[in-house]
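Data first, discussion second: the structure below is written as structure tokens.
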Amino acid sequence: MELDVDSLADAIAQILRLKVTRSGEAYTYRIGDFHSISTATSELAAVAASVEAHRPLDGTAVASDKSFEVLVQFSRPSGNLRRLLGEGLVLADDQQGVRYEVGPPSVGYLLRVRDVLKERGVPADRIVFGPFDPKRLVEERQERDWTVFDLLREATSLLTLRITSERPRAAASWTSPAQAVLFHLAYNLDVALVPARSFDDVVRPSVISRVRRARAGDVDVPRRAYVGDLVHHYQLGVSADSPVLEFLSYYHVAEHFFESAYQDDLINQVQQSLTAPAFSYRRKKDLRELIRKVGRAARVEGDEIVVNEQVALRLVLQRHVDLAVLVQDLTTYDRGLVEHYATRTVRFAEGDKVDLRGRDSALVLSALSRRILKTRNALVHGREGIKGRFTPFADDEHLAPEVPLARFVAEQIIVSTSTPGAG
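In the working numbering, the protein residues as written are -4 to 418.
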């Protein structure tokens, strides 16, 4: 990120909605008619140099040789978390020369988030910084000696983990202390902070509004009745902070119909065989062939037929998913997703490539069912050494594109299985 002092000063002014002027070796930010904050050029130059020194790592992390910063999110509120958000947290290891901080992002990191979202066409100032009145803040806390950097940190609700080291470190070496301190906080304070898998986590509510109605006033009354269990799974997915929980919640919507879809298909196959003009119940050969067909399709344990999940998922997709609508929803959400599925497997699950625009819908749905099921299996089978295993956080960015796919499939199933009338 190329950033000179003038550009940095202007960027801060735009974020805080203030006027800035330069006089000699200082920049002055006007706050209303009676307040101003001066910032030395040398201070801004130090921030600009820090931004230049940091390089992006996986997900939302950035690092230089002596510092690391990553966006973190929390899965549930708690008293300890509220205190942490209000006061911040600093842990210092004097022996190792390492310092850990959880709190508002550094100025350089805030500017990086802002620029990343701006590149994606998202109104970053509104999402990252929200409604903010620096004049009111300064007047209410006149006893504080404010800096423009203080105002920036007050302006955001984002939270980061920052680690600094007295000794230079390789980029790959930051992962271990980051994981250690997050576990330490979870263990001791019951605070579940997790690294954001991508900057899309910041903008997801804004992105999904492209596909759905953006304003509450535009939403009509419900006119259909939906299956209650499916609604519960869907709500859990929408509210989940964990991509694993989100994906599995949407998968459970399809899984709800596995048994009925599988048994209906088996019954249909038997009926077709029994009513075929070439079939005769008097010929043992025909009966043996029918028994073999049923045996291949169904394995019985106790009084229940064991469902082949791969076949069942394909049958559910065939019955309830319109590929054209799915492509449209995915393209509206992210123009690159459909191409992503066609050209890339699911890295941690070896999930199949699937060309959702393919001409043969049967082949497309078959490949789609394999991709979704292999992803699901990798998420739930965590035993070390097995093929297709998901590693939390490390594989989050590879799971991220699969979540909207599962969500839009689940939405079609919920709507397809609904009935007219909401009450």
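Just so it is clear, CB atoms sit at the ideal spot from N, CA and C, and this is done for glycine as well. All values derive from a computational prediction rather than experimental measurement.
Exercise for the section: State the DSSP-derived secondary structure class of A87, mapped to helix, strand or coil. Expected result: strand
Handout entry: Range of the contiguous beta strand (DSSP E) that encloses K14
Key = 14 to 18
Problem - CB of S37 within 9 Å of CB of H49, strictly - result: no
Exercise for the section: Check whether the segment 105 to 114 touches the segment 164 to 177, taking contact to mean three or more Cβ pairs, one atom from each stretch, closer than 8 Å. Expected result: no
Problem - Rounded Cβ spacing between P238 and L332 (contact assumed at less than 8 Å) - result: Going by Cβ atoms, the distance from P238 to L332 rounds to 15 Å, so no, they are not a contact pair.
Exercise for the section: Sort R107, R157, V65 by Cα distance to R94 and report the nearest one. Expected result: R157
Practice task
Just confirm the distance between the C-beta atoms of L(-2) and E64, as a whole number of angstroms; I'd bet it's less than 8 Å.
Solution key: Rounded, the Cβ-Cβ distance is 16 Å, inconsistent with contact.
Handout entry: Simplified DSSP state of P217, which is helix, strand or coil
Key = coil
Exercise for the section: Assess, as a yes-or-no matter, whether the segment 4 to 24 is touched by the segment 144 to 162 under the definition of 3 or more beta carbon pairs within less than 8 Å. Expected result: yes
Exercise for the section: Output the distance between the C-alpha atoms of V226 and S411, rounded to the nearest integer angstrom. Expected result: 13 Å
Problem - Distance CB(L3)-CB(V57) smaller than 9 Å - result: no
Problem - Same chain, Cβ closer than 8 Å to A211, neighbours up to 5 away in sequence not counted - result: Interpretation of A211 is limited by its pLDDT of 48, a score under 50 that renders its predicted location unreliable; no figure is taken from the coordinates.
Exercise for the section: In angstroms with no decimal places, state the Cα-to-Cα distance between G418 and A220. Expected result: Bear in mind that a pLDDT of 48 at G418, under 50, signals an unreliable position, so the model cannot answer this.
Exercise for the section: Would you be able to state if there are at least three C-beta pairs under 8 Å between the segment 352 to 363 and the segment 383 to 392? Expected result: no
Problem - Contact set for I409: own chain, Cβ-Cβ below 8 Å, skip 5 residues either direction - result: Y221, V222, L225, V226, Y229, V248
Handout entry: Endpoints, the alpha helix (DSSP H) within which L394 is located
Key = 391 to 394
Exercise for the section: Quick one: grab the DSSP three-state call for L325. Expected result: helix
Practice task
With DSSP collapsed to three states, give me the class of H228.
Solution key: helix
Exercise for the section: Identify the continuous alpha helix (DSSP H) that holds A4 and give its terminal residues. Expected result: 0 to 11
Practice task
Report the residue ranges of all alpha helix (DSSP H) runs contained in full by the segment 31 to 69; include only those spanning at least 4 residues, in chain order.
Solution key: 36 to 48
Practice task
Kindly indicate the opening and closing residues of the alpha helix (DSSP H) around L188.
Solution key: Unbroken run through L188 is the beta strand (DSSP E), 188 to 190; no alpha helix (DSSP H).
Handout entry: heavy atom of the ligand COA below 8 Å from A389 C-beta
Key = The ligand COA is not part of the structure shown, which contains no ligands of any sort.
Practice task
Can you give me the start and stop residues for the beta strand (DSSP E) that E96 sits inside?
Solution key: 93 to 98
Handout entry: Environment of Q91 [buried if 16+ CB atoms lie within 10 Å]
Key = exposed
Problem - Proximity winner among S364, E241, A35, relative to E304 (alpha-carbon distances) - result: S364
Handout entry: Alpha-carbon spacing of G116 relative to L243, whole angstroms
Key = 30 Å
Practice task
Could you have a look at Y276 and say whether DSSP puts it in helix, strand or coil?
Solution key: coil
Handout entry: Three-state secondary structure (DSSP) of S171
Key = helix
Practice task
Confirm, please, whether the CB-CB distance from R366 to V341 is below 9 Å.
Solution key: yes
Problem - Sub-9 Å separation of D1 and R17 beta-carbons - result: yes
Problem - Burial state of H251, where buried means 16 or more other Cβ atoms lie within 10 Å - result: buried
Exercise for the section: Less than 8 Å between the CB atoms is what I'm expecting for V97 and L52, so what's the real figure, rounded? Expected result: At roughly 18 Å, the Cβ-Cβ gap does not stay under 8 Å, so V97 and L52 are not in contact.
Practice task
Please name the residue in T142, Q174, E406 whose C-alpha comes closest to that of K25.
Solution key: A quick correction: the sequence has Arg, not Lys, at residue 25. The shortest C-alpha separation from R25 is found at T142.
Problem - Boundaries of the beta strand (DSSP E) in which T159 is found, first to last residue - result: 154 to 160
Problem - Alpha-carbon spacing of S152 relative to T159, whole angstroms - result: 22 Å
Problem - For R314, three-class secondary structure by DSSP - result: helix
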